[in-house]
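Just below is one structure, and these are the notes that go with it.
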Amino acid sequence: MPTPKERFQAVVENRPVDYPPVICPGGMMSATVIDVMNETGITLPAAHHDGELMARLAEAVQQRTGFDNFGIPFCMTVEAEAAGSEVDFGTLECEPKIVKERFPDNQSVIYEDINLLLTRGRVPAVIEAARKLSQWHPDIPVSLTLTGPISFAASLVDPLVFLKDLKKNPAASHKVVAYVNDFLIAFAKLAIGNGVDIVTFADPTATGEILGPKTFDEYVVRYLGEAVTAIHEAGAPTIVHICGDIKPVKHLLPKIGADVISTDAMLSLAELKKELPGIKTMGNLSTYLLDQEGAIDRITARTRTLVHQGINVIAPACGLSTTSPIENIKAFTDAVHQSVAETESIG
Amino acid sequence: MSKELILKKFTDAVVNGDEDLAVEAANEAIASNLDATEAIVDGLSKGMGIVGEYFESQEYFLPEVIVASEAFKAGVKILQPHIKVQQGTKPSKIVIGTVQGDTHDIGKNIVGIMLGAAGFEVIDVGRDVSPKAFVDKVKETNADLLGLSALMTTSMVNMKKVLALLNEEGVRGQVKVMIGGAAISQRYADEIGADGYSVDAVAAVRLAQKLVAVAA
Numbered sequence: 000m001p002t003p004k005e006r007f008q009a010v011v012e013n014r015p016v017d018y019p020p021v022i023c024p025g026g027m028m029s030a031t032v033i034d035v036m037n038e039t040g041i042t043l044p045a046a047h048h049d050g051e052l053m054a055r056l057a058e059a060v061q062q063r064t065g066f067d068n069f070g071i072p073f074c075m076t077v078e079a080e081a082a083g084s085e086v087d088f089g090t091l092e093c094e095p096k097i098v099k100e101r102f103p104d105n106q107s108v109i110y111e112d113i114n115l116l117l118t119r120g121r122v123p124a125v126i127e128a129a130r131k132l133s134q135w136h137p138d139i140p141v142s143l144t145l146t147g148p149i150s151f152a153a154s155l156v157d158p159l160v161f162l163k164d165l166k167k168n169p170a171a172s173h174k175v176v177a178y179v180n181d182f183l184i185a186f187a188k189l190a191i192g193n194g195v196d197i198v199t200f201a202d203p204t205a206t207g208e209i210l211g212p213k214t215f216d217e218y219v220v221r222y223l224g225e226a227v228t229a230i231h232e233a234g235a236p237t238i239v240h241i242c243g244d245i246k247p248v249k250h251l252l253p254k255i256g257a258d259v260i261s262t263d264a265m266l267s268l269a270e271l272k273k274e275l276p277g278i279k280t281m282g283n284l285s286t287y288l289l290d291q292e293g294a295i296d297r298i299t300a301r302t303r304t305l306v307h308q309g310i311n312v313i314a315p316a317c318g319l320s321t322t323s324p325i326e327n328i329k330a331f332t333d334a335v336h337q338s339v340a341e342t343e344s345i346g
Numbered sequence: 000m001s002k003e004l005i006l007k008k009f010t011d012a013v014v015n016g017d018e019d020l021a022v023e024a025a026n027e028a029i030a031s032n033l034d035a036t037e038a039i040v041d042g043l044s045k046g047m048g049i050v051g052e053y054f055e056s057q058e059y060f061l062p063e064v065i066v067a068s069e070a071f072k073a074g075v076k077i078l079q080p081h082i083k084v085q086q087g088t089k090p091s092k093i094v095i096g097t098v099q100g101d102t103h104d105i106g107k108n109i110v111g112i113m114l115g116a117a118g119f120e121v122i123d124v125g126r127d128v129s130p131k132a133f134v135d136k137v138k139e140t141n142a143d144l145l146g147l148s149a150l151m152t153t154s155m156v157n158m159k160k161v162l163a164l165l166n167e168e169g170v171r172g173q174v175k176v177m178i179g180g181a182a183i184s185q186r187y188a189d190e191i192g193a194d195g196y197s198v199d200a201v202a203a204v205r206l207a208q209k210l211v212a213v214a215a
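Protein sequence lines, in the order shown, are assigned to chains X and E.
Note that numbering that gives the first Met the number 0 has the first sequence beginning at 0, numbered continuously upward.
Note that numbering that gives the first Met the number 0 has the second sequence beginning at 0, numbered continuously upward.
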């Protein structure tokens, strides 16, 4: 039986697997549910700041939920904090958020040394957590989930002004997005050097619905594409998660070049596979369903469908609510892990 | 310049997101004694209506809508002091905000812009707003409508708390509650007893108009 790390790599390389990996990549899609924190006493917001605690919480999450990976960090604010925006670190049940973007508009952005940003805020804690997890459990892949360049830029510059300037002032917009993208690439490379196996991007502001195909192509495809290429050169596979309804931008997704494309629950991944046969898909069990009491039978049934449809990587559609019962998540990962036994007994 | 040409200039300015053109049209409107309300309704708002149609048909997306709304606001700002006080009809008031635990306010802002362009008096209480702050603002302003937004499944539960507090404080009967946001569905609106759900900013304006008409 392959290790979880070998299994994920096999998916990336289009080799057959016994069952698809079932993962929760971290960042926007974190599985740090209240149940795990209460059971282990390793809690947020403390574990956002301390590499050892972050690693231990990620480990506890993996062991209790059964996901085939570790996912760090547990929020989408590490990058913006390092670049100078003000962050509220949230509570046990509520994830951190940007209190105030550092700059009112693109023109006021101060371009700092990327190497300096890598020493700021919680970047060192994330790197330490990656190193520890990869040393403790060399067989389980560590996923670093980064905030994609558009969402990151909209956390550094007032988001409405930023979105307006994508149209009104493209030159200034490109300069800011290129800057944050350089930081993301440097962060990813540092993390890969410290044990990270998979780099995931989630860019919730960069949806087809918000930007439309033209702007998506001009900014998201270009910069995420550059980041994906740089990360491949550093030796790690990439997952790109696109929120919302991807219909307006579906045709552009292969251009990003990611190994795996992850989508929200409203979309049929089986359909997407048919339309874009070249891409590998990840998803997309309803986050809402995973949060419901008494939903275990529906979770199991829906998960089996995803496996039977040949979805390459199974994951929650857009992360997990912190109130999701641990039994639900366990039922989810069990349904994937048991699918191989069932297939064999039928076959 | 003729009235028709100025009105068309307003509409074009909004549709093309041209702030400078909106300012130019507003100055021309004032110089030629064009009624300010007419300029807003038949010029600027008409433009936002077209922008709404383009948004629904996915010709326009959020950046285009924001750019259009900036042109709209630039025109209104100049025309505002020249509006003659209207007798009788008062605009309906709507309090809008993003519920506690949620800081994603792009969608809510767009809804606010579209409601304003449609003639509603919009009181925006911001993002990450506690149930108490919503209820207090509804009482203070005697609002006709309350619009709640949530992007995340983790925060949408707080909509229920706002409705519970409206009930507790005895003001649920005097305000229509509409909800929206990525995490929200009609089913959720029914489940928590909201008066309506809308899928986007254009539908939100239609819903608000319908709810106000029902209440009147």
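The beta-carbon is built from N, C-alpha and C at its ideal position, and this holds for glycine as well.
These numbers were taken from a predicted model, which means no experiment stands behind them.
C-alpha distance - residue i paired with residue j, whole-angstrom precision
i	j	result
residue 153/E	residue 97/X	16 Å
residue 237/X	residue 6/E	52 Å
residue 110/E	residue 54/E	12 Å
residue 351/X	residue 1/X	Outside the displayed span of chain X (0 to 346) sits residue 351/X, for which this structure offers no information.
residue 219/X	residue 43/X	31 Å
residue 45/X	residue 123/X	15 Å
residue 3/X	residue 139/X	5 Å
residue 23/X	residue 61/X	9 Å
residue 280/X	residue 8/X	14 Å
residue 50/X	residue 5/X	26 Å
residue 152/X	residue 183/X	11 Å
residue 120/X	residue 212/X	35 Å
residue 343/X	residue 259/X	Residue placement at residue 343/X is flagged as unreliable, the pLDDT there being 47, under the threshold of 50; a coordinate-derived value is accordingly withheld.
residue 123/E	residue 59/E	24 Å
residue 62/E	residue 50/E	11 Å
residue 10/E	residue 93/E	25 Å
residue 0/E	residue 33/E	11 Å
residue 31/X	residue 233/X	28 Å
residue 380/X	residue 155/X	What is shown of chain X runs 0 to 346, which leaves residue 380/X out entirely.
Endpoints, beta strand (DSSP E) assigned at residue i
i	result
residue 36/E	No beta strand (DSSP E) holds residue 36/E; the alpha helix (DSSP H) holding it covers 35-38.
residue 240/X	237-241
residue 200/X	197-201
residue 332/X	Not the beta strand (DSSP E): residue 332/X falls in the alpha helix (DSSP H), residues 325-336.
residue 207/X	Unbroken run through residue 207/X is the alpha helix (DSSP H), 207-214; no beta strand (DSSP E).
residue 69/X	69-71
residue 45/E	Premise fails: residue 45/E lies in the alpha helix (DSSP H), 44-55, not in any beta strand (DSSP E).
residue 12/X	Run containing residue 12/X: none; DSSP gives neither H nor E here.
residue 124/E	Run containing residue 124/E: none; DSSP gives neither H nor E here.
residue 272/X	Taken as a continuous stretch (DSSP letters only), residue 272/X belongs to no beta strand (DSSP E), being part of the alpha helix (DSSP H) at 268-274.
residue 92/E	92-97
CB contact check: residue i to chain X, cutoff 8 Å
i	result
residue 190/E	no
residue 108/E	yes
residue 62/E	yes
residue 66/E	yes
residue 105/E	yes
Test: residue i CB closer than 8 Å to a CB of chain E
i	result
residue 332/X	no
residue 290/X	yes
residue 249/X	no
residue 155/X	no
residue 165/X	yes
residue 56/X	no
residue 93/X	yes
Per DSSP, the bridge partner or partners of residue i
i	result
residue 175/E	144/E
residue 146/X	201/X
residue 259/X	238/X and 279/X
residue 284/X	315/X
residue 98/X	According to DSSP, residue 98/X bridges with nothing at all.
residue 110/E	Answer is none; residue 110/E lacks a bridge partner.
residue 28/X	25/X
Unbroken alpha helix (DSSP H) run spanning residue i, endpoints
i	result
residue 166/X	158-167
residue 154/E	152-167
residue 77/E	61-78
residue 83/E	From DSSP, residue 83/E is part of no alpha helix (DSSP H); its letter is neither H nor E.
residue 246/X	Unbroken run through residue 246/X: none, as it is neither H nor E.
residue 34/X	33-39
The ligand ATP heavy atom lying under 7 Å from the CB of residue i
i	result
residue 103/E	This structure lacks the ligand ATP, and indeed carries no ligand of any kind.
Proximity to residue i [Cα-Cα], best of the options
i	options	result
residue 168/E	0/E, 178/E, 179/E and 134/E	134/E
residue 179/X	253/X, 18/X, 255/X and 226/X	226/X
residue 180/E	30/E, 212/E and 147/E	147/E
residue 80/X	90/X, 115/X and 40/X	115/X
residue 67/X	37/X, 25/X and 201/X	25/X
residue 172/E	155/E, 156/E, 194/E and 40/E	194/E
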